[in-house]
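Colleague:
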Amino acid sequence: MKLVLTRFASGAVLALAMSNAAHAQIACESLKGLQLPDVKIVDAVPGNAPAPHCKLTGVIGRETNFAVWLPDAWNGKFVMGGQGGFAGSVENQALALGALQKGYATAGTDTGHKAAGADGSWAYGEMERVVNYAHAAIHRVTEVSKTAVRARYGRSPEKSYFAGCSNGGRQGLMAAQRYPDDFDAIVAGAPALDFTGIAATFVNVTRKMYPDPGDLSAPVLNQADMSALGKAALASCDKLDGLEDGVMADPRACSFDPARLACKGANADGCLSKPELAAVRAILDGPRENGKTYHVGFPFGGESHPAGWRTWLAGAKNAVAPGVPSLAYGFGVGFMKYFVKQDPDWSYLSFDLSKLAGEAAWLQKTMSPTNPDLSGFRTSGGKLLMYHGWSDAALSPLMSIRYVDEVYARDPSAKDDVRLFMLPGVLHCQGGPGPDRVDYLDVLDRWATRGEIPSEMTASFSSGGSRRVCAYPSQAVYKGAGDGRSPDQFECK
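Position 335, counted from 1, in the sequence shown is what my numbering calls 371; the numbers after and before it change by one each time, with no gaps.
1. Buried or exposed: which applies to PRO358, given that a residue is buried once 16 or more other Cβ atoms fall within 10 Å of its Cβ?
2. Is the distance from the Cβ of ALA226 to the Cβ of GLY205 below 8 Å?
3. Between the segment 427-440 and the segment 388-403, can you find at least three pairs of beta-carbon atoms closer than 8 Å?
4. Could you tell me if MET493 is buried or exposed, where buried requires 16 or more neighbouring beta carbons within 10 angstroms of its beta carbon?
5. Put THR93 into one of helix, strand or coil per three-state DSSP.
6. In whole angstroms, what is the alpha-carbon distance linking ASP452 and GLU312?
7. Is it a yes or a no for the segment 177-188 touching the segment 117-135, going by three-plus beta-carbon pairs under 8 Å?
8. Please classify CYS64: is it buried, with 16 or more other beta-carbons within 10 angstroms of its beta-carbon, or exposed?
9. May I ask you to report which of helix, strand or coil DSSP gives VAL185?
10. Does DSSP put CYS307 in a helix, in a strand, or in coil?
11. If you drop the 5 nearest sequence neighbours on each side, which residues of the same chain put their C-beta closer than 8 Å to that of TYR514?
12. Can you give the Cα-Cα distance for GLY468 and LYS328, rounded to whole angstroms?
13. Taking only runs of the alpha helix (DSSP H) that begin and end inside the segment 87-152, which ones reach a length of at least 4 residues, in chain order?
14. Around the Cβ of ALA289, are there at least 16 other Cβ atoms within 10 angstroms (buried) or fewer (exposed)?
15. For VAL78, write down the residues that DSSP places opposite it in a beta bridge.
16. Please confirm whether HIS341 and LEU420 have their CB atoms less than 8 Å apart.
17. Are three or more beta carbon pairs between the segment 201-217 and the segment 98-109 nearer than 8 Å?
18. Have a look at ASN258, GLN378, ARG482 and flag the residue whose alpha-carbon is nearest the alpha-carbon of TYR160.
19. Rounded to a whole number of angstroms, what is the C-alpha to C-alpha distance between SER510 and ASP146?
20. Is DSSP giving PHE198 helix, strand or coil here?
21. Hey, how far is the Cα of TRP483 from the Cα of ILE489?
22. Count the other CB atoms, across all protein chains shown, that sit within 10 Å of the CB of SER202; report buried if there are 16 or more and exposed otherwise.
23. In terms of alpha-carbon separation, which member of GLY97, VAL283, ASP261 lies closest to PHE497?
24. For VAL356 versus GLY518, is the C-beta distance shorter than 8 Å?
25. For the alpha helix (DSSP H) that ARG504 lies in, which residues bound it at each end?
26. If you count every other CB in all the chains shown that lies within 10 Å of the CB of CYS528, and 16 or more means buried, which is it?
27. If LEU434 sits next to PRO335, beta carbons under 8 Å apart, how far is it from one beta carbon to the other, in whole angstroms?
28. For SER362, count the other beta carbons within 10 Å of its own beta carbon; 16 or more makes it buried, fewer makes it exposed. Which is it?
29. With ILE489 as the anchor, note down where its beta strand (DSSP E) starts and where it stops.
30. Apart from the five residues on each side of it in sequence, which residues of its chain come closer than 6 Å, Cβ to Cβ, to SER522?
31. Suppose you measure from the CA of ARG188 to the CA of HIS149; what does that come to, to the nearest Å?
32. Does GLU339 come out as helix, strand or coil in the three-state DSSP assignment?
33. Please report how far the alpha carbon of SER449 lies from the alpha carbon of PRO216, in whole angstroms.
34. Please list the terminal residues of the continuous alpha helix (DSSP H) segment that includes ARG214.
35. With a 10 Å radius around its C-beta and 16 neighbouring C-beta atoms as the bar for buried, classify MET372 as buried or exposed.
36. Only counting runs of 4 or more residues, tell me where the alpha helix (DSSP H) segments fall wholly within the segment 358-441, in order along the chain.
Pasting the structure below:
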């Protein structure tokens, strides 16, 4: 079968002419001959895990690497997977949701650069890479992937979805706002909505945790202090939802004052000195400019969990990489150095919050999907399923709530097409003591194909049992008796 791809002058429309229109699945190796403008096919090899498939790899343009997994037992649909952090390696977050086992053709990318962890140095002097990372790579890989689907199966996907969390969640929202026709439905978990606000938060916290950039040996707030804070807040607020189970249903209701843990005399583990209280307040209150909130803070949750405050906000010597004690340091300082300032020698001691909005104006517009106008996506029939863990110590859950509030305020009818689910006790994307396991692709597919608007979902605990979670602003309210790990014991109100 001879495949010819043409691209119109706009560069945004791809058309595939096929000499054989039959819906016959071609051999995997035949895809090596796929010819597309500005695309190099590297390989096409069959695989068996986690389900029989053909894996097509290639490069778009200068350096946007991608992979497309094409299952033998195709369900007729496609899902583009997101990438976390600063990306930099071919990742497909949809695979972790069981996309391939469910029969989806699915794809991933490195977004146009190579990097590891929280390293942002790839953006230094590279505007094209920044734009690719921000939104262009996902769009282009989606186009190429749909063409590969047509090449192998002889027809286009019946439905096309996106699924991602963290930066992957941000990518989904960018697609909804910039490329409303790319996907029929999107799963966006814990999205990195506001890059400038996130950077301000991370740098502000880093300045409190490591006031001396020359000494990154230990944070101001140690593990004993964080554990004491978490236990005290939970003891004060766990019962507010009617169920004492180690999880706050809505930590916004918790009014615990960390000053109650202030040291009465000399500093000791379990009490908070003035610098330690200042670090806690920087986390809970968020960065402030002239007394006003610049970006949302964090609610209580995740203080004592290894994957919570310890990893993201406090850290330890070389915990992330040599000279990088925390992920807040890595992403926050890295963003300022290589994206905003374009200065590898920049020090966070010179951080000036009052100048950030102006300095990062282009980056904010290019990278942050904060626009509440989703009319283009919704007019195309698009559905947006968002979720966020209440104990997320990486990206504040209040950020997702603020965004959805703005979407609903702009157009109340958006509730028909945009749903947010808050997961109690869940950390960043997953983990923590709360119920973090949901079949998001199933919920999304039923919404997109059957019109089943999700008003509630069942979320499972990793340790057994499950709980009902409700579409925001409704909450799952405990009925007051029975098993706290049974969905039947909760109702949405």
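Backbone N, C-alpha and C define an ideal beta-carbon position, used for all residues, glycine too. In this text the structure is predicted, and so the values were computed from the model without any measurement.
Modeller: According to the data block:
1. Counting the other CB atoms within 10 Å of its CB gives PRO358 a total below 16, which places it among the exposed residues.
2. For the 8 Å CB-CB criterion, ALA226 and GLY205 form a contact.
3. At 8 Å Cβ cutoff, the stretches do not touch.
4. Classification of MET493: buried, given that the 10 Å Cβ count is 16 or more.
5. Here THR93 sits in strand by DSSP.
6. Cα to Cα, the separation comes out at about 45 Å.
7. With the cut-off at 8 Å, the segment 177-188 and the segment 117-135 do not touch.
8. Burial call: buried.
9. VAL185: helix per DSSP, three-state reduction.
10. In the three-state reduction of the DSSP assignment, CYS307 falls in the coil class.
11. Within the same chain, TYR514 has close Cβ partners ASP277, GLY278, LEU279, ALA285, GLY520, GLN525, PHE526.
12. Approximately 31 Å between the Cα atoms of the pair.
13. Those alpha helix (DSSP H) runs which fall completely within the segment 87-152 and span 4+ residues do not exist here.
14. Exposed, because fewer than 16 other Cβ atoms sit within 10 Å of the Cβ of ALA289.
15. According to DSSP, VAL78 bridges with nothing at all.
16. No; because the gap between Cβ atoms is not below 8 Å, this pair is not in contact.
17. No, the segment 201-217 is not in contact with the segment 98-109.
18. Measuring from the Cα of TYR160, the nearest candidate turns out to be GLN378.
19. Rounded to the nearest whole angstrom, the CA to CA distance from SER510 to ASP146 is 37 Å.
20. Look at PHE198 here: in three-state DSSP terms it is strand.
21. As the crow flies, the alpha-carbon of TRP483 is around 5 Å from that of ILE489.
22. Using a 10 angstroms sphere on the CB of SER202, the tally of other CB atoms reaches 16 or more, which defines it as buried.
23. If we check each option's Cα against that of PHE497, VAL283 comes out closest.
24. No, the Cβ-Cβ distance between VAL356 and GLY518 is not below 8 Å.
25. It is not in any alpha helix (DSSP H) - ARG504 instead sits in the beta strand (DSSP E) that spans 502-506.
26. Counting Cβ neighbours within 10 Å, CYS528 comes out exposed, since fewer than 16 surround it.
27. That pair is a contact at about 7 Å.
28. Residue burial annotation: SER362 is buried, with at least 16 other C-beta atoms found within 10 angstroms of its C-beta.
29. Element bounds for ILE489: n/a, residue is neither H nor E.
30. Contacts found: none.
31. Between the alpha carbons of ARG188 and HIS149 lies a distance of about 28 Å.
32. It is coil, neither helix nor strand.
33. Near 18 Å, if we compare the C-alpha coordinates of PRO216 and SER449.
34. Bounds of the alpha helix (DSSP H) holding ARG214 are 203-214.
35. Buried, by the Cβ-count rule.
36. DSSP runs (the alpha helix (DSSP H)) wholly in the segment 358-441: 363-370, 389-395, 397-403, 411-415.
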